[in-house]
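> Here's a structure for you.
Number of protein chains: 2
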Amino acid sequence: MAARSEAKAFRIAEGELGCCPSVVEAPLGENDAVELAQVMAALADPVRLRLLSIVASSDEVCSCELEAPLGKSQPTISHHTKVLAAAGLISGDKRGRWTWWHANPARLAAVRDALGR
Amino acid sequence: MAARSEAKAFRIAEGELGCCPSVVEAPLGENDAVELAQVMAALADPVRLRLLSIVASSDEVCSCELEAPLGKSQPTISHHTKVLAAAGLISGDKRGRWTWWHANPARLAAVRDALGR
DNA sequence: AAGACAGATTGACAGCCTTCGATGTAACTG
DNA sequence: CAGTTACATCGAAGGCTGTCAATCTGTCTT
Chain E
370 MAARSEAKAF RIAEGELGCC PSVVEAPLGE NDAVELAQVM AALADPVRLR
420 LLSIVASSDE VCSCELEAPL GKSQPTISHH TKVLAAAGLI SGDKRGRWTW
470 WHANPARLAA VRDALGR
Chain V
370 MAARSEAKAF RIAEGELGCC PSVVEAPLGE NDAVELAQVM AALADPVRLR
420 LLSIVASSDE VCSCELEAPL GKSQPTISHH TKVLAAAGLI SGDKRGRWTW
470 WHANPARLAA VRDALGR
């Protein structure tokens with residue numbers, strides 16, 4: 370099940386959102402819609418949006434620096450970073466005891482492009 | 370409850386997503402995050418994404434023209450149009466027996482801007 | 001090696017969301 | 001007026017999601 374979960378995460382993160390006409394140009398195919406919806410779902414939570422904005426605003430943020438500003442428990446933060454990473458929006462760099470997170474601007478740009486021009 | 374639902378829908382649709390720094394510029398405030406997440410949630414479903422793309426691709430679409438291409442029942446289509454309308458992404462024009470839907474490009478642009486430049 | 005520490009995982013619970021059948025409500029048609 | 005049509009609403013079922021306490025894994029320090 371861990372394998373399937375990771376495989377799914379891989380697929381989401383590797384999907385090329387920019388490969389297709391944007392939402393406003395032509396009716397979306399079913400597969401493209403599912404893929405885009407998965408990334409949108411990652412962005413459809415207030416805690417994750419704030420987490421992403423914190424990470425995107427600085428170069429690198431470690432998980433321990435997220436707990437306080439977001440007001441959530443450590444397992445919850447871990448869960449959300451995992452979801453955002455699975456969507457390809459952030460990436461984690463494990464150095465020693467800490468995991469350093471940084472944003473993936475290209476991915477966010479791909480979402481924007483998929484949404485309209 | 371209908372009143373509250375409509376009040377909420379109004380608030381979502383009227384929220385000015387473009388009023389604040391984008392996600393990548395500065396940490397998002399809690400209220401802004403909740404508001405943006407609500408719009409994202411409307412976009413986080415494959416059926417709604419396809420529905421939006423169909424509506425956005427043509428000038429006007431009536432509800433009865435959505436059932437077939439989306440492969441969903443009439444109550445389901447009605448539910449999804451309601452969600453997208455509450456998020457301000459589409460608007461419905463009731464003429465006679467038909468409801469004609471059209472996209473709201475400005476709202477989609479606001480989402481794009483909130484997501485990054 | 002022992003203890004402390006960062007963070008991932010598990011399990012459980014509550015709430016929400018998608019979906020559809022059944023029903024309600026207008027509006028047009030004959 | 002009776003019937004039909006387009007759409008909204010209700011209620012229920014099933015699945016998914018966010019949250020945290022408890023636990024496990026790996027790393028650093030002493």
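Taken in sequence, the protein lines are chains E and V. Residues 370 to 486 in the numbering used here are what the first sequence spells out, letter by letter. Residues 370 to 486 in the numbering used here are what the second sequence spells out, letter by letter. Cβ coordinates follow ideal geometry from the N, Cα and C atoms, glycine included. All values reported here derive from a predicted model rather than from experimental measurement.
Who are the Cβ neighbours of E436/V in its own chain at under 8 Å, not counting the five residues just before and after it?
Answer for E436/V: S442, Q443 and I446, listed in chain order.
> With a threshold of 8 Å between beta-carbons, can V430/E be considered close to chain V, or not?
So, not an interface residue.
> Does E385/V have its Cβ less than 8 Å from a Cβ in chain E?
No, no contact with chain E.
> By Cβ distance, which residues of its chain are closer than 8 Å to W467/V, with the 5 residues on each side in sequence left out?
Cβ within range, chain order: C431, S432 and C433.
> Using 10 angstroms around the beta-carbon of P473/E, count the other beta-carbons present and answer buried if the total reaches 16, otherwise exposed.
The question names Pro, yet the displayed sequence has Asn at residue 473/E. Burial call: buried.
> Between R459/E and P438/E, is the Cβ-Cβ spacing less than 8 Å?
For clarity, residue 459/E is Ile in the given sequence; the question names Arg instead. For I459/E and P438/E, no; Cβs fall outside 8 Å.
> Around the Cβ of S391/V, are there at least 16 other Cβ atoms within 10 angstroms (buried) or fewer (exposed)?
Classification for S391/V: buried.
> Would you mind working out which of R486/V, V480/V and A478/V sits nearest A475/E, comparing C-alpha positions?
If we check each option's Cα against that of A475/E, R486/V comes out closest.
> Report the three-state DSSP secondary structure of R316/E (helix, strand or coil).
Past the boundaries of the shown model lies residue 316/E; chain E is included only from 370 to 486, so the question cannot be answered.
> Could you pull the DSSP bridge partners for I459/V from this structure?
A472/V, per the DSSP bridge assignment.
> Cα separation between T450/V and M409/E?
Each residue's alpha carbon lies about 18 Å from the other.
> Please classify E429/V as buried or exposed, where buried requires at least 16 neighbouring CB atoms within 10 angstroms.
With fewer than 16 Cβ atoms within 10 Å of its Cβ, E429/V is classed as exposed.
> Helix or strand or just coil, what does DSSP make of R481/V?
Note: R481/V maps to helix in three-state DSSP.
> What residues from the region 444 to 475 of chain E come within 9 Å of chain V, judged by C-beta to C-beta, listed N to C?
Listed by position, the residues of the region 444 to 475 of chain E near chain V (Cβ gap below 9 Å) are A472 and P474.
> Is it buried or exposed, R481/V, if we count other Cβ atoms within 10 angstroms and call 16 or more buried?
With 16 or more Cβ atoms within 10 Å of its Cβ, R481/V is classed as buried.
> Would R417/V pass as a contact of L386/V if the rule is Cβ separation under 8 Å?
No, these two residues do not count as a Cβ contact at 8 Å.
> Quick check: L477/E and L484/V, are their CB atoms within less than 8 Å of each other?
For L477/E and L484/V, yes; Cβs fall inside 8 Å.
> For G384/V, which of helix, strand or coil comes out of DSSP?
DSSP places G384/V in coil when its eight states are reduced to three.
> Based on the DSSP output, what are the partners of V430/V in its beta bridges?
The partner list for V430/V (beta bridge, DSSP) reads W470/V.
> When the cut-off is 8 Å and only beta carbons count, does L421/V lie next to chain E?
Yes, its Cβ sits closer than 8 Å to a Cβ of chain E.
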